[in-house]
Structure formats: C-alpha cells, structure tokens
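Numbering-wise (this note's numbering), the sequence shown opens with residue 2 and increments by one. Please read the structure below before turning to the comments.
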Amino acid sequence: MKILLLSLFAFITGSIPTGLLIAKSRGIDLRRTGSGNIGATNVLRSAGKLPALLTLLGDALKGVMAVLVARYFETGPFYEGIIGFCSILGHNFSLFLRFRGGKGVATSLGVLSIYSPQTGLFTCIIWLMAAGITKYSSLGALVSFGMLPISIILLDHKDKFPVALLITILIFIRHSSNISRLLRRTEPKVGNKV
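Written as structure tokens, this is what we have:
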C-alpha cells in the first residue's frame, strides 16, 4: 500500500505542467506554439532563456522530490527508482493535460540526480555535449539516455539496470517524432525562434 500511494503521489506531482504554467504567465500557450511540447526546449524557443531555465529546474525538481520522498519512507533502492519513474510518467502523460505531456528529459535527470548521482551527472554531461555539438536537444537526449543502461552498470550497480532501461525506453518512445524529423533533417535546432 505504501508503494502504491507513493507511486500515485509521484505521478500526480509529476503531472504538474511546469513549462505550460511558466509560459502562460507570459501570455504564451505552449500547446499552440512551436512544437506544441511543454518542455524546456519549446519554452526556450517560445518564451526565452529564463523561462526555459525555470522550466528545466521545475521539471527536474519533480523527479528529485519523488525519489527523496521514496527514500524518506525507506522503500529501498528498487522502489525508489520505480517511484521516480512514476513521476516521469506523470510528466509525460499529465493528469492535467488529458494524459498528454512532455518528453521527460529534465524529470528523468532529476530522478537520476538522486537515484544514481554519478550516472545522472554523466548523462547530463553527455546530453549537453551532444546537444551543444549538434545543436539538436532531442539528439542529445537520445544519445545520453541511449547510453544510460550501460552507464548505470558501469558507474553504479547492476540492480538499478531495470529502472534505467525503463527510462531509456520511455525517452525513445516519447522522442519517436523527433527521430523521424532527425532522419528527414527537419528537426528544429536549439534556440531557433518560433
């Protein structure tokens, strides 16, 4: 029952559409602007750097909070990861947006920053490097999270592999449209204004 309640809590808090709320405070409806996504990349294109940074931090905080609460209630490492994963699911399939949402990159990094800090740092560095070199945030996410199942074994413990694999699979599913656009060379680059 404890695990179920904490998972539900994580899903509900993960569902809070940070980017949508921040952009709305500036008179912008993210769902009708740019890619239509509620994440930091679309906020950057639509509203600028500070709103994008606040969105990134807010989305990451949802993942951080989920794992910290799970740790406080001593659920054990495996369920910490599962409860963190529920916050990512909430972000991606928000209760408040008719089960639509973001891609889950920032929330996943928030989960990893507590669940496996060294792996989270490595994933973040690879994401920033790949996005910086290619100018595609989506490609940075695909490269960094594609490496996650292996990096978590190398940098942490094999028991955390199942959660890492779930996160990677979800990231790739949510980026399926980005993958198609990358292959067609129609994916917008970071910083392109709408």
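Backbone N, C-alpha and C define an ideal beta-carbon position, used for all residues, glycine too.
In three-state DSSP terms, what is residue i?
| i | result |
| --- | --- |
| R27 | coil |
| R99 | coil |
| S36 | coil |
So, at 8 Å on beta carbons, what are the nonlocal neighbours of residue i in its own chain, with the 5 sequence-adjacent residues on each side left out?
| i | result |
| --- | --- |
| F97 | S16, I17 and P18 |
| I29 | S47 and A48 |
Apply the 10 Å Cβ neighbour rule to residue i and answer buried if 16 or more other Cβ atoms are within range, or exposed otherwise.
| i | result |
| --- | --- |
| I39 | buried |
| H176 | buried |
| M66 | buried |
| A153 | Here residue 153 turns out to be Ile, not Ala, going by the sequence shown. So I153 counts as buried. |
| S178 | exposed |
| I89 | buried |
| K3 | exposed |
Would you give the residue range spanned by the alpha helix (DSSP H) that residue i belongs to?
| i | result |
| --- | --- |
| E188 | No alpha helix (DSSP H) contains E188, which DSSP labels as neither H nor E. |
| K159 | Unbroken run through K159: none, as it is neither H nor E. |
| E256 | Absent from the model: residue 256. The displayed extent of the chain is 2 to 195, so no value can be given. |
| K3 | K3 to G15 |
| M130 | P118 to T135 |
| G147 | S138 to G147 |
*Hey, is the segment 159–170 in contact with the segment 75–91, meaning 3+ C-beta pairs nearer than 8 Å?*
With the cut-off at 8 Å, the segment 159–170 and the segment 75–91 touch.
### Message
With three or more C-beta pairs closer than 8 Å as the rule, is the segment 119–138 touching the segment 68–77?
### Response
no
**Message:** Does the contact criterion of 3 or more C-beta pairs under 8 Å hold for the segment 56–63 versus the segment 23–43?
**Reply:** By the Cβ criterion, the segment 56–63 is in contact with the segment 23–43, since at least three pairs of Cβ atoms, one from each stretch, lie closer than 8 Å.
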